[in-house]
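K.L.:
Structure incoming, see below.
Number of protein chains: 2
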Amino acid sequence: MTDDALLRDFEMHKPRALARAISCAESGRGGDIVRALYSKTGRAVTIGLTGPPGVGKSTLASALVRKARGLGKSVGVISVDPSSPFSHGALLGDRIRLVEHFTDEAVFIRSMASRGHLGGLAGATADAVSLMDAFGFDVILIETVGVGQSEIAIAELAQTTVVALQPGSGDSIQVLKAGIMEIADVFVVNKADHPMANQLRREIRSAMEMLQWDGWVPELVATQALAGEGIEQLWAAIERHMAYLNETGEIEGRRRDAFVHQVRQLAMGRIERRLDRVLESESSTGIDPYAAAERVISKLGL
Amino acid sequence: MTDDALLRDFEMHKPRALARAISCAESGRGGDIVRALYSKTGRAVTIGLTGPPGVGKSTLASALVRKARGLGKSVGVISVDPSSPFSHGALLGDRIRLVEHFTDEAVFIRSMASRGHLGGLAGATADAVSLMDAFGFDVILIETVGVGQSEIAIAELAQTTVVALQPGSGDSIQVLKAGIMEIADVFVVNKADHPMANQLRREIRSAMEMLQWDGWVPELVATQALAGEGIEQLWAAIERHMAYLNETGEIEGRRRDAFVHQVRQLAMGRIERRLDRVLESESSTGIDPYAAAERVISKLGL
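Protein chains in written order, with our numbering: chain A, 1 to 302; chain B, 303 to 604.
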């Protein structure tokens, strides 16, 4: 399919065209289509959902999709799997909890396996957000697994970031330590019927007290996503945060941050590809890594 | 302290000089000292230890240190916390399980909080490995928390990578999916007295069957690190992998990979700093991110 045909199908609102455009972005060839459609972006609300493996993110995502659909909103879901540079995401594929939405035309679900370097993950995800936004989705939900850099990259793309934690996992402090404390606009204690749920809530509150909050203070919501409990409260907290962003004008700052983040990832991705070509041909024997880095940078023309 | 004085103290084998040199590396000023000492590197054995939060990595690390000390080997430990770009690791500090080694002069333990982008994490960690190697440690253990990019970066630095998983956490498949399957030289099922330990072992074996193995096939060891059980077997598996690397000559490839990785991170770190300065002054209104990225790259002189 030529780019023109793809663009025409996209503008005729064919989901297959959206899927194909995201595939282009994933393989690093999203530039033309994103550029052509970029003027249509800026309308969607973007929600990030993150937390450690096993917390029930897919179930929470599914419940949030159901809630948004109940309000008549169309929803695009991006599931980011920070997978291996080796396997190319071969072990992917258990998005079963989102299956109930597969036949709903106002819901579009896309798994993305990040390959190789972080720039790849964030770059293609940013493109997918732009494409879903241009396609006309009211809400874009970006779900990611893991602890560390990937959440932070996601938080830079989302207007509201929801961090889910589970009781009794023994990892709350480690998770909070890993730097996702500061990216949360809303905390979710999922599996709230667990005997240690209250302890986790106390731990989150104490961890919050260790930080200075300026403006929005993260809300804490308890859910049992499998039973659908607490989802109304979670949605209300997300809406309060969105209202806060709009009332204070901070929404413009978030949009600007997301744009700069996307530009940065794109630029770094291009530079990285050039750097890798230089590194391949670099035979650095007998010198230290700093000298080698200087030589590589000068070979790049910098 | 001047660099000359630092270097003199380092060569006199003062642990404070090593600590100070690593601090320099952490703040991006490790170049001079690493360059001056680089010729002394290449002797240490490097072991990476990774796995999800709560699996008991610090306990395993402590047990491995004890084992290595029993064999008369000196050990440097680097604990990498992929922390926030905002908090600068303010929530760090619970390395309590390693406390038993704090008074042993042949053990040096260092926590490193990664700041900002991945290049920062891997770059400073690579410098710390070089510095500990030059200082004369026999074994360097690099421990990291998280799922995703940080493990992969660590695996590029370590000669042998140990991946620890815990039974009953419900996350084994998610963890395996996240791409750490392929970086493992040795799998550890910790908390092996857990009723679901056998299930986890089966899951790891099935996941392994989905991949092609060429050369070394990862070993699977069960431990109860808190009770010290299985540590002999874990150490033996690590030694078998080291022997394999040496006998096949693959050790040279691993050293070369670690070197290229370090050069790449150093070069990317420098380029990123320039890019950030350009981005700060970039007021990209009304253009799409691809156009903005092109403009930024041309402003960099590339």
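Beta carbons are placed, not taken as given, at the ideal position from N, Cα and C, and that holds for glycine.
Pull the bridge partners of V488 (chain B) from the DSSP assignment, please.
P.N.:
As a working mapping, residue 488 (chain B) is identified with position 186 in the second sequence. Answer by DSSP bridge pairing, in chain order: B:V464, B:E521.
K.L.:
Considering only C-alpha positions, which residue in the set B:A338, B:R579, B:A595 is nearest to F312 (chain B)?
P.N.:
Within the second sequence, residue 312 (chain B) is the residue found at index 10, counting from 1. Each of B:A338, B:R579, B:A595 was checked against the Cα of F312 (chain B), and the nearest Cα belongs to B:A338.
K.L.:
Do three or more CB pairs link the region 264-283 of chain A to the region 308-323 of chain B at distances below 8 Å?
P.N.:
no
K.L.:
Between V565 (chain B) and chain A, is any beta-carbon pair separated by less than 9 Å?
P.N.:
Looking up residue 565 (chain B) in the second sequence gives position 263. Yes, contact with chain A.
K.L.:
Using C-beta distances below 7 Å, list every residue in its chain close to T46 (chain A), excluding the 5 sequence neighbours before and after it, in chain order.
P.N.:
For the purposes of this step, residue 46 (chain A) is taken as residue 46 along the first sequence, with counting starting at 1. Excluding five sequence positions before and after T46 (chain A), the CB atoms of its chain that fall closer than 7 Å to its own CB belong to V129, I140, I142, L157, A158, Q159, given in chain order.
K.L.:
According to DSSP, E229 (chain A) sits in a beta bridge with which residue or residues?
P.N.:
Your numbering for residue 229 (chain A) matches position 229 in the first sequence. Looking at the DSSP assignment, E229 (chain A) forms a beta bridge with A:Q224.
K.L.:
With 16 as the cutoff for other CB atoms within 10 Å, does L234 (chain A) come out buried or exposed?
P.N.:
Counting from 1 along the first sequence, the entry for residue 234 (chain A) is found at position 234. L234 (chain A) comes out buried.
K.L.:
Could you tell me whether any Cβ in chain B is nearer than 9 Å to the Cβ of M268 (chain A)?
P.N.:
Here residue 268 (chain A) corresponds to residue number 268 of the first sequence, with the count starting at 1. At a cut-off of 9 Å between beta-carbon atoms, M268 (chain A) makes contact with chain B.
K.L.:
Can you give me the start and stop residues for the beta strand (DSSP E) that G51 (chain A) sits inside?
P.N.:
Numbered from its first residue, the first sequence carries residue 51 (chain A) at position 51. Note, G51 (chain A): beta strand (DSSP E), 45-51.
K.L.:
How is the alpha helix (DSSP H) around P317 (chain B) delimited, first residue to last?
P.N.:
Numbered from 1 along the second sequence, position 15 holds the residue referred to as residue 317 (chain B). Bounds of the alpha helix (DSSP H) holding P317 (chain B) are 317-328.
K.L.:
Give the residues of chain A in contact with A593 (chain B), contact being defined as C-beta atoms less than 8 Å apart.
P.N.:
Against the second sequence, residue 593 (chain B) aligns to sequence position 291. Per Cβ cutoff of 8 Å: R35.
K.L.:
Helix, strand or coil, according to DSSP, for I109 (chain A) in the structure here?
P.N.:
The sequence position of residue 109 (chain A) within the first sequence is 109, counting from 1. Of the three classes helix, strand and coil, the one that applies to I109 (chain A) here is strand, per DSSP.
K.L.:
Keeping to the same chain, check which residues put their C-beta closer than 8 Å to that of E282 (chain A); ignore five residues upstream and five downstream.
P.N.:
Walking along the first sequence from the start, residue 282 (chain A) turns up at place 282. Hits under 8 Å: A292, R295, V296, K299.
K.L.:
Quick check on L605 (chain B) - is its C-beta less than 9 Å from some C-beta in chain A?
P.N.:
Absent from the model: residue 605 (chain B). The displayed extent of chain B is 303 to 604, so no value can be given.
K.L.:
Can you check whether the C-beta of D559 (chain B) is within less than 9 Å of a C-beta belonging to chain A?
P.N.:
Translated into the one-based positions of the second sequence, residue 559 (chain B) becomes position 257. At a cut-off of 9 Å between beta carbons, D559 (chain B) makes no contact with chain A.
K.L.:
Alpha carbon to alpha carbon, how far is K73 (chain A) from D127 (chain A)? Give it in angstroms, no decimals.
P.N.:
For the purposes of this step, residue 127 (chain A) is taken as residue 127 along the first sequence, with counting starting at 1. For the purposes of this step, residue 73 (chain A) is taken as residue 73 along the first sequence, with counting starting at 1. K73 (chain A) has its alpha-carbon roughly 21 Å from the corresponding atom of D127 (chain A).
K.L.:
If contact means a Cβ-Cβ distance below 7 Å, which residues of the region 359-382 of chain B contact chain A?
P.N.:
none
K.L.:
Does the beta-carbon of D578 (chain B) have 16 or more other beta-carbons within 10 angstroms, so that it is buried, or is it exposed?
P.N.:
As a working mapping, residue 578 (chain B) is identified with position 276 in the second sequence. Answer is exposed; the Cβ neighbour count stays below 16.
K.L.:
Ends of the alpha helix (DSSP H) at T361 (chain B)?
P.N.:
Residue mapping note: residue 361 (chain B) aligns to position 59 of the second sequence, counting from 1. Taken as a continuous stretch (DSSP letters only), the alpha helix (DSSP H) holding T361 (chain B) covers 359-372.
K.L.:
For the alpha helix (DSSP H) containing M510 (chain B), list its first residue and its last residue.
P.N.:
The sequence position of residue 510 (chain B) within the second sequence is 208, counting from 1. M510 (chain B) -> alpha helix (DSSP H) spans 499-511.
K.L.:
Find out if the Cβ-Cβ distance for the pair T304 (chain B), T463 (chain B) is shorter than 9 Å.
P.N.:
For the purposes of this step, residue 304 (chain B) is taken as the residue at position 2 of the second sequence. For the purposes of this step, residue 463 (chain B) is taken as the residue at position 161 of the second sequence. 9 Å or more divides the Cβ of T304 (chain B) from the Cβ of T463 (chain B).
K.L.:
Which whole-angstrom value describes the C-beta separation of A21 (chain A) and L165 (chain A), a residue pair presumed to lie in contact below a C-beta threshold of 8 Å?
P.N.:
Translated into positions along the first sequence, residue 21 (chain A) becomes position 21. Translated into positions along the first sequence, residue 165 (chain A) becomes position 165. That pair is no contact at about 34 Å.
K.L.:
Closest to D257 (chain A) by C-alpha separation, out of A:I154, A:G56, A:D133, would be which residue?
P.N.:
On the first sequence, residue 257 (chain A) is found 257 positions in, with the first residue counted as 1. Out of A:I154, A:G56, A:D133, A:I154 has the C-alpha closest to the C-alpha of D257 (chain A).
K.L.:
Could you tell me how far apart the beta carbons of A327 (chain B) and A426 (chain B) are, in whole angstroms, since I believe they sit closer than 8 Å?
P.N.:
Here the question's residue 327 (chain B) lines up with position 25 in the second sequence. Here the question's residue 426 (chain B) lines up with position 124 in the second sequence. Indeed they touch by this definition, with Cβ atoms about 5 Å apart.
K.L.:
Straight-line CA distance for H194 (chain A) to G168 (chain A)?
P.N.:
The residue labelled residue 194 (chain A) in the question sits at position 194 within the first sequence. The residue labelled residue 168 (chain A) in the question sits at position 168 within the first sequence. Approximately 7 Å between the Cα atoms of the pair.
K.L.:
Should S206 (chain A) go down as buried or exposed, given a rule of 16 or more other Cβ atoms within 10 Å for buried?
P.N.:
Residue 206 (chain A) sits at position 206 when you count from the first residue of the first sequence. Sixteen is the threshold: since fewer than 16 other Cβ atoms of the shown chains lie within 10 Å of the Cβ of S206 (chain A), the residue is exposed.
K.L.:
Between R507 (chain B) and chain A, is the shortest Cβ-Cβ distance under 9 Å, so that the two count as touching?
P.N.:
The residue you call residue 507 (chain B) lines up with position 205 of the second sequence. It does not: the Cβ of R507 (chain B) has no partner Cβ on chain A nearer than 9 Å.
K.L.:
Using 9 Å as the limit for Cβ to Cβ distance, is I599 (chain B) near chain A?
P.N.:
For the purposes of this step, residue 599 (chain B) is taken as the residue at position 297 of the second sequence. Chain A, which has a Cβ nearer than 9 Å to the Cβ of I599 (chain B), makes this yes.
K.L.:
How is G42 (chain A) classed by DSSP in three states: helix, strand or coil?
P.N.:
For the purposes of this step, residue 42 (chain A) is identified with residue 42 of the first sequence, where counting begins at 1. Coil.
K.L.:
Give me the DSSP bridge partner(s) of V75 (chain A).
P.N.:
The count along the first sequence starts at 1 and reaches residue 75 (chain A) at position 75. Residue pairing by DSSP puts V75 (chain A) in a beta bridge opposite A:V107, A:V139.
K.L.:
My assumption, with CB atoms under 8 Å, is that F489 (chain B) sits in contact with L522 (chain B). Please give the rounded CB distance.
P.N.:
As a first step, residue 489 (chain B) must be located in the second sequence, where it is residue number 187. As a first step, residue 522 (chain B) must be located in the second sequence, where it is residue number 220. In this structure, F489 (chain B) and L522 (chain B) form a Cβ contact; the two beta carbons are roughly 5 Å apart against a cut-off of 8 Å.
K.L.:
For chain A, is any of its Cβ atoms less than 9 Å away from the one on V491 (chain B)?
P.N.:
Counting from one through the second sequence, the residue named residue 491 (chain B) turns up at place 189. No, V491 (chain B) lies away from the interface with chain A (no Cβ there is under 9 Å from its Cβ).
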